[in-house]
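No gaps in the numbering here: position 189 of the sequence shown is 190 in our numbering, and each next residue is one more.
What follows is a set of notes on a single structure, which appears directly below.
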Amino acid sequence: MTRGGTAVRDAVVAIGVLVLAGCSPGTPGPDDPAVSASPGAGTSARHAGPLEELLLQRTGGGDISVAEDPAAAAVEQTRVVEERVAACMTAAGFEYTPQVPAVADVVVGTGPAQGSAEFVERYGYGIANPPPDTVDGISWSLEGSDWEYVSSLSAAAKEAYDDALWGPVTATEGDVVTREGGCRDTAWLGPTGTDAFAGLSEEASAFLAALGDDPAFAQVDTAWSGCMSEQGYLYADPDAAVQDFVDRSTALIDPETRVSDAEGTAALAEDELATAAADLACRAQTGYDEEHATIADELQQEWVDLHRTELDAWQQASEQ
């Protein structure tokens with residue numbers, strides 16, 4: 002599996018409510034068998050902090066779920082990003098056809114929202130038993146028009162193509178290869194030709210990636226963890242619970258056949274439902290989501306204030 006992306010792009014995808022199906026913007030390729038949490042996975046709806054709001058604006062969009070026409074907004078946001086990817090890949094010497102769905106092919110979910118009690122009751126975290134594309138968010142599938150081109154490349158050229166699109170390999174664990182910094186990430190961070198702000202974008206990415214580890218969250222995490230331990234679940238924080246099920250789901254995939262063990266997955270799904278229900282109850286009991294959002298907003302605002310001059314210049318450059 003190739004896992005691409007920075008914290009910045011992940012935040013943009015999650016807050017923008019792009020629940021993608023198939024090979025779509027911000028996701029690995031068509032043969033990816035591994036399990037990963039969707040950007041908003043968990044029992045809490047994502048909240049956009051001040052820095053994340055600024056990054057959303059840089060994608061040429063915002064929270065498309067509240068747009069007058071979410072499907073059209075999703076297509077436009079995707080078009081902007083895909084055209085940036087294409088320009089970047091062309092500059093790197095490769096062919097790339099923007100993958101933009103037709104408005105008619107975009108499905109706007111009408112089911113329970115991720116993080117709601119109804120969603121948790123049906124799907125838990127949505128990992129072992131993922132919901133249909135039509136449940137929540139906005140989704141579509143695309144036929145990869147470049148797959149034939151990519152398959153025609155030599156092994157060395159394919160590696161160079163992946164480096165250009167997803168960035169160089171930054172970590173490898175089992176069959177999971179993590180890449181960062183390619184054209185895909187660059188496209189989410191803004192228009193091409195803004196290399197002067199690469200350092201700022203990398204700093205923003207690093208800040209968001211490490212945000213959850215800030216000591217300011219210790220008290221609220223401890224309260225949640227204590228509530229969970231009373232019910233027999235030993236997790237330091239909600240993210241640890243989600244990651245546990247991602248890891249356990251991945252472990253059930255046969256490395257040869259790329260098929261998950263059906264019996265093991267069914268058992269894991271039951272465990273996930275119970276854990277997610279306890280998680281949701283403990284969030285409510287401890288006021289976790291509200292407190293966590295308040296702290297995150299304060300930390301993000303401090304970062305934005307500290308980098309206000311650079312952020313304003315970055316925004317002005319992107320509008321030219």
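Heads up, the beta-carbon is just placed ideally off N, CA and C, and yes, glycines get one too.
These figures come from a predicted structure and were not determined experimentally.
Residue j beta carbon less than 7 angstroms from that of residue i
| i | j | result |
| --- | --- | --- |
| Tyr97 | Ala105 | no |
| Ser157 | Val107 | Inspection of the sequence shows that residue 157 is occupied by Ala rather than by Ser. Taking 7 angstroms as the Cβ cut-off, Ala157 and Val107 do not qualify as a contacting pair. |
| Asp280 | Pro239 | yes |
| Gly183 | Leu166 | yes |
| Leu52 | Gln301 | yes |
| Val221 | Tyr289 | yes |
| Glu237 | Ser226 | Looking at the sequence itself, residue 237 is Ala, so the reference to Glu does not match. In contact: Ala237 and Ser226 (Cβ atoms closer than 7 angstroms). |
| Pro133 | Val109 | no |
| Ala188 | Val82 | yes |
| Trp304 | Phe198 | no |
| Gly50 | Ala297 | yes |
| Val101 | Ala278 | no |
| Asn130 | Ala270 | yes |
| His48 | Ala294 | yes |
Spatial neighbours of residue i in its chain, beta-carbon cut-off 7 angstroms, leaving aside the 5 residues before and after
| i | result |
| --- | --- |
| Cys228 | Cys283, Gln286 and Thr287 |
| Phe95 | Tyr162 and Ala165 |
| Glu84 | Pro99 |
| Val151 | Lys159 and Tyr162 |
Close-in-space but distant-in-sequence residues of the same chain around residue i (CB under 6 angstroms, 5 per side omitted)
| i | result |
| --- | --- |
| Ala219 | none |
| Gly265 | Leu253 |
| Ala275 | none |
| Glu292 | Val221 |
| Asp262 | Leu253 |
Beta-bridge pairing of residue i - partner residues as DSSP gives them
| i | result |
| --- | --- |
| Val177 | Glu174 |
| Ser261 | Ile254 |
| Val86 | Looking at the DSSP assignment, Val86 forms no beta bridge with any residue, so it has no partner. |
Buried/exposed call for residue i, threshold 16 Cβ in 10 Å
| i | result |
| --- | --- |
| Gln232 | exposed |
| Gly27 | Unreliable placement is indicated for Gly27, whose pLDDT of 35 sits below 50; no coordinate value is reported for it. |
| Ser206 | buried |
| Pro216 | exposed |
| Gly168 | buried |
| Ala73 | exposed |
| Glu181 | buried |
| Thr310 | exposed |
| Thr173 | exposed |
| Ala242 | buried |
| Gly175 | exposed |
| Leu212 | buried |
Subject >> Ranges of the beta strand (DSSP E) found wholly within the stretch 193 to 256, counting only runs of at least 3 >> reply: none
Subject >> Uninterrupted beta strand (DSSP E) stretches inside the stretch 261 to 310 (no shorter than 3 residues) >> reply: none
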